[in-house]
Amino acid sequence: MVSSKEEILDFMRLYPLFFIATIDKEQPRVRGIMMHKTDDKGIVFTTGKNKDFYKQLIANPKVELCFYSENTQVRITGTAIEIDEEISLKQEIVSSRPFMLSWIEAVGYDIMGLFRIYECKATCWSLDMPLARKRYITLFE
Numbered sequence: 029m030v031s032s033k034e035e036i037l038d039f040m041r042l043y044p045l046f047f048i049a050t051i052d053k054e055q056p057r058v059r060g061i062m063m064h065k066t067d068d069k070g071i072v073f074t075t076g077k078n079k080d081f082y083k084q085l086i087a088n089p090k091v092e093l094c095f096y097s098e099n100t101q102v103r104i105t106g107t108a109i110e111i112d113e114e115i116s117l118k119q120e121i122v123s124s125r126p127f128m129l130s131w132i133e134a135v136g137y138d139i140m141g142l143f144r145i146y147e148c149k150a151t152c153w154s155l156d157m158p159l160a161r162k163r164y165i166t167l168f169e
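Encoded structure:
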């Protein structure tokens, strides 16, 4: 089971698809998205500014993520803050995801909402140890 900060970060990088929960007024909303990367400050991802997801993040930046693979679940709480001024990071994301290129060529980088999740605390669960006591590990402050 993953149990240290380094193991959690390695797990996230190995399995970058995660589910993220937001709040839409009083209704929880969950969707799967791809993490771009983790850096020394937090977890980086993007979404379109025309999407409900973007509007939910702006209205209430508190989120919970769930990474899952191989009978292991990593749940992370944090605060998603828009970092829209980082154009080079937007360019890096588009170059790593060629399917986005035609979209950006048509409407420009301004349509991309770029976020970093700060204040991250993680808890892990594994089918191998289903009754293990819940423990929180600080990933980013």
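Just so you know, this note's numbering puts the end of the sequence shown at 169, numbered straight through with nothing missing. For every residue, glycine included, the Cβ atom is placed at its ideal position computed from N, Cα and C.
Asp52 (DSSP reduced to helix, strand or coil): strand
CA nearest to the CA of Phe47, picked from Lys79, Val102, Gln84, Asp38: Val102
Where the alpha helix (DSSP H) containing Val135 begins and where it ends: 129-135
Three-state secondary structure assigned by DSSP to Ser32: coil
Helix, strand or coil at Ile115 according to DSSP, with G and I counted as helix: helix
Other residues of its chain near Met140: CB distance less than 6 angstroms, five sequence neighbours each side excluded: Thr74, Lys118
Residue(s) in a DSSP beta bridge with Glu92: Ala49, Thr105
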